[in-house]
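**Q** For reference, the structure I am asking about is given below.
In this note's numbering, the protein residues as written are 67 to 133.
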């Protein structure tokens with residue numbers, strides 16, 4: 067899976083709870099372009115929603131537990 071730098075930027079903004087419009091304003095792109103980047107990320111990660119992406123982001127930030 068190759069997430070582009072711009073897709074990473076969009077994911078980072080999404081992880082802060084920003085809307086597509088807010089992400090677009092912060093990155094200087096249209097909200098439609100944000101939507102396109104998110105669609106690409108969803109396909110690459112085999113997910114279908116912002117919620118699933120947020121869960122993946124939070125899971126990757128969680129500390130590992132030693133059993």
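Idealized CB from N, CA, C, for every residue including glycine.
(1) Taking only three categories from DSSP, how would you classify residue 84?
(2) What is the DSSP secondary structure of residue 68, counted as helix, strand or coil?
(3) Expressed to the nearest angstrom, what Euclidean distance is found between the alpha-carbon atoms of residue 79 and residue 96?
(4) Can you tell me where the alpha helix (DSSP H) holding residue 113 begins and where it ends?
(5) Evaluate residue 103 with the Cβ neighbour count: other Cβ atoms within 10 Å of its Cβ, from every protein chain shown; 16 or more gives buried, anything less gives exposed.
**A** Looking at the atomic coordinates:
(1) coil
(2) coil
(3) 14 Å
(4) Counting along the chain, residue 113 falls outside any alpha helix (DSSP H), and DSSP gives it neither H nor E.
(5) buried
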